[in-house]
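*Asks:* Next up is a structure, given as structure tokens.
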Amino acid sequence: MTKDPIMLTRRSLIARAALGSAALAIPGIAFAAAPTDRRFVFVILRGAMDGLSVVMPVGDSHYRGLRGALADPAAAPSKLDTSFALHPALAGTAAMYAQGEALFVHAVASPYRERSHFDGQNVLETGGTGAYLLKDGWLNRALALLPDARDGVAIAPTVPMVLRGAAPVTSYAPSALPAASDDLLTRVAALYADDPLLHPLWSRAMDAREMAGSDGEKKVNPEALGRLAATFLSKPTGPRVAVIELQGWDTHAGQAGRLNTQLKQLDALLVALKTGLGPTWAKTVVLAATEFGRTAAVNGTGGTDHGTGGAAILAGGAVRGGRVVADWPGLAGSQLYEGRDLKPTLDMRALMAGVLAGQFGIDPGRMARVFPGAAGIKPVEGLVRA
Amino acid sequence: MSFNAAIALNRFGLGARPDEAVPADPRQWLRGQFERFDPKPAVLAGVPGSGAMAAEFRDYLIQSKLARMDGGVFRAASPPVMASSAMSPTAMAEPKEDNPALAGLPKELRQGIRKMYRDSYGALARARLAAALVTPAPFAERLVHFWANHFAVSADKLQTIGTAGTLEFEAIRPHVAGTFGDLLLAVETHPAMLLYLDQAQSIGPESFIGQRAALRRNPNAKKVGLNENLAREILELHTLGVDGGYAQGDVQELARGLTGWSVGGFVKAPIGREAPDGAFVFQDSWHQPGERVLLGQRYRSGGVEQGRAMLAALAVHPATARHLATKLARHFVADVPPPALVDRLARVHVETGGDLRALYRTLIDAPEAWATPQPKFKSPWDWTVSMLRGVGSRDVPDLNVINVLNELGQPIWRPGSPAGWDDSAAAWAAPDALLRRVEVARRVAAKVGDRADPRRLAPLLLPGVLGAGTTQAIARAGSPQDGLALLFVAPEFLRR
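These protein sequences, in sequence, are chains A and B. So the first sequence is numbered by the working numbering: it starts at 5 and just counts up by one. So the second sequence is numbered by the working numbering: it starts at 1205 and just counts up by one.
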């Protein structure tokens, strides 16, 4: 390879990241915290996962009446406690729950109270109080507060909103295309040297390529995404934060079969993360969340429509699991939000902030930078093992 | 040298071709396109139509025994959705082996279904690309793609894999230069949209059939009822926009007004009217009777005319005008559209009653459109089409374009949601996406070999915008193939 000045610049960037010189990258951050060895994975469930079918409130006397056949999945649900049962497709996650490595949060919602997927996902990902009020993602803002400056990684061809922002991030998804030669890549780097958009993107693409190694996985499926994320996160010098997206949760019709398939994929993803991370799993928290829940009652086409309160999943060796966290609002008609949806009793930002505080020691003062407009929201305590 | 030709060819059009002259008067070249545009060019002849595709889907439901007859409506017990389509860019647009919808079926039937959908989707997608390569009216052709994305039907359910493309060919192409009201009506009555957003099975609770189902009181009977999916997306995505000032009650009223809008071949007499496969059919006996109130306006009871009147009013509503103006300005001028241009476009929409040609003329005449050479980052589709046009392809090349678009993150007709693809640089300019473009460019260049000289090609494709750095990089490349690849991934070629 030629001694191209651009490539040297890129290498020096890697070296800087490895030294953890946060002061160079992010001025104004105190050095109080030691470099973290904790890992965080955010799984975005796009399309509004039906929390009431995933973490089933079997102890609520109104549940069966509202849900009809949806209350009876093909196999027996796993009992979580006296009030809740878990959808049978999440078998691997149920085993984590039994080992104290998974917990479920219910009746949770972002501050968004309308019913548009796209706006709801924007609120979920920006961490703001309304859609399009913030231009960057809460996880990107959190990344800037981590004690050592590491890129976040999106296991996707493009960077989702939750990771977009000022802090450097990269995206990587397995490619089945034949690779271009190193020489061509070097020439492309030179071509982008003066382009303010393309130059930083290209540098990160090259870093990610190096990190993934030559035998990047060829096939994309949720399990492979989990394995790939684990490959990145288990490297000592690698990223501490990863984002994965799963689409397809918008079950307006024929929900029973579709949700079963979706949940099997999510389960495979979580199991692949655990397996792939090995000993690092003990330091990991995975949060799987969706933009909003679905209607309490089944609709005319065997599905559910856009709702409000929903469920979230926390998994990982660092999770103080084996329990359901819910201030249950009840499913009686008068207890429903606008007479149709599960009423939220927990702000999603309290959950996210609770995880960030527990995993990365982000104190309340700095947390206000991650979630502006959430001053009155108290992070959920005790989610993560010390 | 002025960059106006580059703007006309690459931003308004689909990318310069080396075998076509650079337009001497770029604005005039754009204005004349609607006379040259052919809604049904030869390259689209022979591709499957929505009637055939709807019939195939219906037969699949019957054959696979997943079909249930209920009140005359065929419905899949477990609607067949591709197992990993949405999250897997490499997945072929066909049902997976582990798809629950295919479980338990004889192997031959499974293979037949997969092949049918793969072949149909592939034929439609290749026809789309072929039209984009040879069109005499690339600006009009880009508008077809724009509206297909505005009215996105994602080809990741069995009922849409074969029909998503037919929506573009049958509903959008004929109306691309008419009125927005005609375009809207054509789209909302097309079988692909009716099946995709569950409208074909929406039944008014107080309709004749709805009442009869309620009277049966059989707890095991399938529920029939209202589905508000299409109505919601019409308001949120197709017309007013999410901030367009409608409420949940408006969604429900529009949904009630649209009850009975269904697809021929999916209903049997005497419960409903029979109609040719895939044809729009209005089922009186499913229609919710009574007056409707949408956005404060009353719509008297009147069968299919009620829903039509609602759509006609939505098509020319000021909020719709603003929503469409914003999207058009974003697509043709900048990710953050100039407010003054959005105002002008919205005003023209209202004043002309949604005359699309008047909107397009406003865009062409807008000084904002000609102020900066390359404000937009090309989407993967834009980039791939412009690259193939750039090497002079007239036929769909010997290259699996469908897989290429999957790899680049923008599978054809498969945005994964009715919102369509995002139209901003932030959606497409990402580290891995860039690396993939380099890989694809290198593969295309390898196929072209030394038949093209990138040094000659570059100024033809990028008139007035080609920079010295790119010229030098191409000239110094190790091979013509590498030079061609560098041209296609150059900053000037990634933008329009």
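Glycine included, C-beta positions come from ideal geometry on N, C-alpha and C.
Quick one: give me the first and last residue of the beta strand (DSSP E) that residue 110(A) is part of.
*Replies:* First-last of the beta strand (DSSP E) with residue 110(A): 106-113.
*Asks:* For residue 140(A), name the three-state secondary structure that DSSP assigns.
*Replies:* It is coil, neither helix nor strand.
*Asks:* Does any C-beta atom of chain A lie closer than 8 angstroms to the C-beta of residue 1524(B)?
*Replies:* No, no contact with chain A.
*Asks:* Taking a cut of 7 angstroms between CB atoms, which residues from the region 1666-1680 of chain B lie near chain A?
*Replies:* Of all residues in the region 1666-1680 of chain B, 1673, 1674, 1677 have a Cβ within less than 7 angstroms of some Cβ in chain A.
*Asks:* Could you name the residues of chain A that residue 1242(B) contacts, counting a contact when the two beta carbons are closer than 9 angstroms?
*Replies:* Chain A residues near residue 1242(B): none, gap ~34 angstroms exceeds 9 angstroms.
*Asks:* First and last residue of the beta strand (DSSP E) that includes residue 288(A)?
*Replies:* Start and end: 288-294.
*Asks:* Of the residues 100(A), 194(A), 354(A), which one's Cα is nearest the Cα of residue 327(A)?
*Replies:* Of 100(A), 194(A), 354(A), the residue nearest in Cα terms is 100(A).
*Asks:* Should residue 136(A) be labelled buried (16 or more other beta-carbon atoms within 10 Å of its own) or exposed?
*Replies:* Counting Cβ neighbours within 10 Å, residue 136(A) comes out exposed, since fewer than 16 surround it.
*Asks:* Taking Cβ to Cβ, would you say residue 1433(B) is nearer than 8 angstroms to residue 1401(B)?
*Replies:* Yes, they are a contact pair.
*Asks:* I need the DSSP call for residue 1444(B), collapsed to helix, strand or coil.
*Replies:* Of the three classes helix, strand and coil, the one that applies to residue 1444(B) here is coil, per DSSP.
*Asks:* Given residue 366(A), which residues of its chain have a CB within under 6 angstroms of its CB, disregarding the five upstream and five downstream residues?
*Replies:* So the qualifying residues of the chain are 149, 360.
*Asks:* Can you give me the Cβ contacts of residue 1546(B) inside the same chain, cut-off strictly under 8 angstroms, excluding the 5 residues immediately before and after it?
*Replies:* Cβ neighbours of residue 1546(B) beyond the five flanking positions: 1526, 1529, 1530, 1533.
*Asks:* Can you give me the start and stop residues for the alpha helix (DSSP H) that residue 1392(B) sits inside?
*Replies:* Residues 1384-1392.
*Asks:* For residue 1453(B), count the other beta carbons within 10 Å of its own beta carbon; 16 or more makes it buried, fewer makes it exposed. Which is it?
*Replies:* Exposed, since its Cβ has fewer than 16 Cβ neighbours within 10 Å.
*Asks:* Apart from the five residues just before and just after residue 188(A), which ones in its own chain have a Cβ nearer than 6 angstroms to its Cβ?
*Replies:* If we look at residue 188(A) and ignore the five residues flanking it on each side, it has no Cβ neighbours.
*Asks:* For a test of the three-state rule: what should DSSP assign to residue 27(A), helix, strand or coil?
*Replies:* Residue placement at residue 27(A) is poorly supported in this model, since its pLDDT is 29, which falls under 50; the coordinates still yield a value, given next. Residue state, collapsed to three classes: helix.
*Asks:* Which of helix, strand or coil does DSSP assign to residue 249(A)?
*Replies:* Residue 249(A): strand per DSSP, three-state reduction.
*Asks:* On the DSSP bridge assignment, give the partners of residue 83(A) in chain order.
*Replies:* Paired residue(s): 89(A).
*Asks:* Listing by chain order, which chain B residues have their CB less than 8 angstroms from the CB of residue 120(A)?
*Replies:* What residue 120(A) touches in chain B: 1440, 1446.
*Asks:* On the criterion of 16 or more Cβ atoms from any shown chain inside 10 Å, does residue 1676(B) qualify as buried, or is it exposed?
*Replies:* Exposed, by the Cβ-count rule.
*Asks:* Can you give me the Cβ contacts of residue 1375(B) inside the same chain, cut-off strictly under 7 angstroms, excluding the 5 residues immediately before and after it?
*Replies:* These residues qualify, in order along the chain: 1390, 1391, 1394.
*Asks:* Between the C-alpha atoms of residue 1685(B) and residue 1641(B), what's the straight-line distance to the nearest angstrom?
*Replies:* Taking the straight line from one Cα to the other gives about 15 angstroms.
*Asks:* Pick out whichever of 1650(B), 1482(B), 1638(B) has its Cα sitting closest to the Cα of residue 1254(B).
*Replies:* The option with the nearest alpha carbon to residue 1254(B) is 1482(B).
*Asks:* Contact between the region 1459-1473 of chain B and the region 277-296 of chain A is defined here as three or more beta-carbon pairs at a separation below 8 angstroms; is this criterion met?
*Replies:* Flag = no, the region 1459-1473 of chain B and the region 277-296 of chain A do not touch.
*Asks:* Between residue 1296(B) and chain A, is the shortest Cβ-Cβ distance under 8 angstroms, so that the two count as touching?
*Replies:* For residue 1296(B), the pLDDT reaches just 33, beneath the cut-off of 50, and the residue's location in the model is therefore unreliable, although a value from the coordinates is still provided. Answer no: the Cβ-Cβ gap between residue 1296(B) and chain A never drops below 8 angstroms.
*Asks:* Suppose you measure from the CA of residue 1702(B) to the CA of residue 245(A); what does that come to, to the nearest Å?
*Replies:* Past the edges of chain B, shown from 1205 to 1700, lies residue 1702(B), and the structure says nothing about it.
*Asks:* Does DSSP put residue 181(A) in a helix, in a strand, or in coil?
*Replies:* Only weak support is given to the placement of residue 181(A): the predicted model assigns it a pLDDT of 45, under 50, and the question is left unresolved by the model.
*Asks:* Of all the CB atoms in chain E, is at least one closer than 8 angstroms to the CB of residue 1432(B)?
*Replies:* Included in the structure are the protein chains A and B, with no chain E among them.
*Asks:* Tell whether a beta-carbon distance below 8 angstroms holds between residue 143(A) and residue 318(A).
*Replies:* No, the Cβ-Cβ distance between residue 143(A) and residue 318(A) is not below 8 angstroms.
*Asks:* Within the 8 angstroms Cβ cut-off, does residue 175(A) reach chain B?
*Replies:* So, interface residue.
*Asks:* Determine contact between the region 1216-1231 of chain B and the region 1538-1555 of chain B, defined as no fewer than three beta-carbon pairs at a distance below 8 angstroms.
*Replies:* No, the region 1216-1231 of chain B does not touch the region 1538-1555 of chain B.
*Asks:* In whole angstroms, what separates the C-alpha of residue 322(A) from that of residue 389(A)?
*Replies:* Roughly 5 angstroms separates the two Cα atoms.
*Asks:* List the whole-angstrom C-beta distance separating residue 1442(B) from residue 1373(B), where the pair is believed to meet the contact cut-off of C-beta under 8 angstroms.
*Replies:* In fact, because the Cβ distance is near 19 angstroms, the residues do not count as touching under 8 angstroms.
*Asks:* Given a threshold of 16 other Cβ atoms within 10 Å of its Cβ, counted over all protein chains shown, does residue 346(A) qualify as buried or as exposed?
*Replies:* By the neighbour-count rule (16 or more Cβ atoms within 10 Å), residue 346(A) is buried.
*Asks:* In the DSSP assignment, what residue or residues form a beta bridge with residue 1465(B)?
*Replies:* Its beta-bridge partners are 1486(B).
*Asks:* State yes or no: is the C-beta of residue 1574(B) within less than 8 angstroms of the C-beta of residue 1211(B)?
*Replies:* Yes. Within cutoff.
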